[in-house]
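Chemist:
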Amino acid sequence: MDYIGSVLLGQPAYKILKSQAVRGSLSHAVLVTGDTMLTGEFLKLAAATALCPNFGCMECSDCRRALGGTHPDVLSYPQGEKFAVSDIEKLIEDAYVRPMEGDRKVLLLHGCESMNASTQNKLLKTLEEPPRGVHMFLSAANLYDLLPTVRSRLRLLELRALSPEVISGVLERGGADRESAARAAALCGGSLDLAEQLSTKKGAGCAGLCAEILERLKDEGGTAYYAGEAAQYSGGYSRTFLAAMQQQLRVLLRLKNRLDVPGFTDAQKKEYDRTLNQFTNRAIIEIISYTGECALGLHYNANFGMTVDGLLLKILSAKRGAARSAANTASAL
Ligand SMILES: [Zn+2]
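Residue numbering for the sequence shown follows the working numbering, beginning at 51 and increasing consecutively.
(1) Using beta-carbon positions only, say whether GLY2 and LYS155 come within less than 8 Å of one another.
(2) Considering just the uninterrupted stretch of the beta strand (DSSP E) at LEU81, what are its terminal residues?
(3) So for VAL184, helix, strand or coil by DSSP?
(4) Enumerate, from N- to C-terminal direction, the unbroken alpha helix (DSSP H) stretches of 4 or more residues contained entirely within the region 122 to 146.
(5) Please classify LYS94: is it buried, with 16 or more other beta-carbons within 10 angstroms of its beta-carbon, or exposed?
(6) Using the three-state DSSP reduction, which class does ARG308 fall into: helix, strand or coil?
(7) With a threshold of 7 Å, establish whether the CB of ASP123 neighbours any heavy atom of ligand 1.
(8) Report back the beta-carbon spacing between ALA333 and ALA294 to the nearest angstrom; my notes put them in contact at under 8 Å.
(9) Just to be sure I understand the criterion: a residue counts if its Cβ is closer than 5 Å to at least one heavy atom of ligand 1. Which residues meet that?
(10) Which word fits GLU246, buried or exposed, when buried means at least 16 other C-beta atoms lie within 10 angstroms of its C-beta?
(11) Could you give the residue range of the alpha helix (DSSP H) that holds LEU326?
(12) From which residue to which residue does the beta strand (DSSP E) around GLU208 run?
(13) Give a yes or no on whether the C-beta atoms belonging to ALA97 and ALA71 are separated by under 8 Å.
(14) Alpha carbon to alpha carbon, how far is TYR194 from MET43? Give it in angstroms, no decimals.
(15) Just reading off the beta strand (DSSP E) that SER155 is part of, what are its end residues?
(16) Counting Cβ pairs closer than 8 Å, one from the region 321 to 335 and one from the region 280 to 290, do we hit at least three?
(17) Shortest alpha-carbon distance to ARG374 belongs to which of LEU361, PHE329, ALA352?
(18) Counting pairs of beta carbons, one from the region 253 to 263 and one from the region 348 to 359, are three or more of them closer than 8 Å?
(19) If distances are taken between C-alpha atoms only, which option among ASN378, THR379, GLU336 comes closest to LEU363?
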C-alpha cells in the first residue's frame, strides 16, 4: 500500500466505511468528495474493503488486487477523461453480469463532476436499485457538482484536507525536492492537487507571481504588465493561478490577524511584511470571494485574460481604498 493509502486509512471517512462493512451494512452507493488524488486512492481502498473476506485487511489477495487495479470484479469508469452516456450504458450492462470470483462486484466511478445532467439521469435507476452484490463507489471534487436527485441516493463521505507535513511527505515521495515540497505544502491550503502543481517549477513561479502582484501592483501600468505575466498560465494552469492567488490572500489574512500559518517558517512570514498594510481585512475577504467567482467563470469557459484583468483591477482598487482610508485617518488625527 502506498503512502497516501496509509494516510487515508486513518481518516474518519474510511473508518465509517469499514465499520459499515464489518456490520454487514455497507451502502450500495457511496460518494466520496475531496482532492482528486485522494479520492482516487480512496476508491481503491473502498473496493478492497468491499471484497475482502476480512473487510479490508489490505494484505489478502482480494485486497492486493483491488489496490493494484487488477481485480477482475472491480471495474472503473469512465473509459476516457470525462464521462459520456456510453460509459453509463456500459456500466449498467456490466452491473448485471455475475461476478467472476465471489458474490460481489465493485464499480468505481472516478471524477463524477465530469458527468452532465443527462448522464447523471441515466445513472439514477441503477443507483436506486443496484443488482444484488453490486457496490458502487463514486468520487467527485465537490458534492454540488451532482444533481440533488443523484446526491440523495448516495451515502456521502468527505475526505479531510491533509496537514502540510503529510502533503510535503507525499510530494517528496513523488520526487520533489525538500524545499519546494515544503513551500508548496505551506501554500496549498490543504489541497494535495494544488500542492502537486505548486511543487513544479511552473507552479512555483505562479505562486511567486501572485505574491508579487499583491505586493507590488501600484497603478494601471502595473495591471497591464502583470496581465502580460499571468498570460503564461492560461490553459492548463489557469485554475492553478486562481487557486494560488486565493491561497496567497488567505495567508495574508491570517498574518494580518496574527494567526499562525501552518507549515510557514518565520522567513516565509517576513516575505509578506510589505504587503500586509496595503489591504484591509474586508478587502482581502472580498477578493477571496471574487477569485471564487472567477474560478466558477473559468469552469464555464470564461476567457482567462479577461478574468485576470478583472482580478487585477479589483486588487488595485482595494489597495487604493486602503490607502485612502489610511490617509483619512492620518488627517483626522
Ligand atoms: Zn483483505
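Think of the CB as a built atom: it goes at the ideal place given N, C-alpha and C, for glycine as much as any other residue.
Modeler: Answer, in terms of the structure:
(1) The chain is shown only over 51 to 383; residue 2 falls outside these bounds and no answer can be derived.
(2) Start and end: 79 to 83.
(3) Note: VAL184 maps to strand in three-state DSSP.
(4) Taken in chain order, the unbroken stretches of alpha helix (DSSP H) that lie wholly in the region 122 to 146 and span 4 residues or more are 135 to 145.
(5) With 16 or more Cβ atoms within 10 Å of its Cβ, LYS94 is classed as buried.
(6) Note: ARG308 maps to coil in three-state DSSP.
(7) Closer than 7 Å to some heavy atom of ligand 1: that does not describe the Cβ of ASP123.
(8) Contact doesn't hold; Cβ gap of about 19 Å is too wide.
(9) Those residues that bring their Cβ nearer than 5 Å to a heavy atom of ligand 1 are CYS102, CYS107, CYS110, CYS113.
(10) It counts as buried.
(11) Segment 323 to 326, the alpha helix (DSSP H) holding LEU326.
(12) Segment 205 to 208, the beta strand (DSSP E) holding GLU208.
(13) Against a cut-off of 8 Å, the Cβ pair of ALA71 and ALA97 comes out as no contact.
(14) As shown, the chain starts at 51 and ends at 383. That puts residue 43 outside it, with no answer to give.
(15) Note that residue 155 is Lys in the sequence shown, not Ser. Element bounds for LYS155: 155 to 159.
(16) Touching, no, given that fewer than three Cβ pairs across the two stretches are closer than 8 Å.
(17) Proximity to ARG374 across LEU361, PHE329, ALA352 peaks at PHE329, based on C-alpha coordinates.
(18) The way I'd put it, the region 253 to 263 doesn't touch the region 348 to 359; fewer than three beta-carbon pairs between them come closer than 8 Å.
(19) Here the closest residue by C-alpha is GLU336.
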